[in-house]
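This report refers to the structure that appears directly beneath it.
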Amino acid sequence: MTSLDTEVRETTAVSEGAQELLIQKREVTRILNRACEDPRFCEELMEKGIDALDEYQLSHAAKAAIASGDLQWLNDNVGELTQKQLLFIYKRHGTSIW
């Protein structure tokens, strides 16, 4: 294997990793938006936590952050949330189910 082959493989691995993070960021944003707009989904998420996210291709950390309302993780990995998304997070923190 040449130096160029190694460099191409490393670049491809970095690109794939960056792409996975971008896809996860979009998916988390989509879930938060759905939780804001779909009362049934929001209720299911509040009651079932991570189990309500089985159909989504996300890391366990992402699912846990959504289900628990981990604002620090969400800000670090997704970016600044909208007011509607923050409302869901604050609502999540206010539930007594957990």
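By numbering that gives the first Met the number 0, the letter at position 58 of the sequence shown is numbered 57, and the numbering carries on one by one without gaps. Positions of the beta carbon are idealized from the N, C-alpha and C atoms, including for glycine.
Sub-8 Å separation of residue i and residue j beta-carbons
i	j	result
residue 60	residue 44	no
residue 23	residue 57	yes
residue 70	residue 49	no
residue 65	residue 52	yes
Spatial distance of residue i from residue j (CA atoms)
i	j	result
residue 28	residue 42	18 Å
residue 36	residue 26	15 Å
residue 63	residue 55	12 Å
residue 80	residue 16	23 Å
From the options, residue whose alpha carbon lies closest to that of residue i
i	options	result
residue 82	92, 54 and 31	31
residue 90	62, 39 and 68	68
Three-state secondary structure assigned by DSSP to residue i
i	result
residue 79	coil
residue 18	helix
residue 92	helix
residue 58	coil
residue 69	coil
residue 50	helix
Other residues of its chain near residue i: CB distance less than 8 Å, five sequence neighbours each side excluded
i	result
residue 78	24
Cutoff 7 Å; reference residue i; Cβ partners in own chain excluding five residues on either side
i	result
residue 92	68
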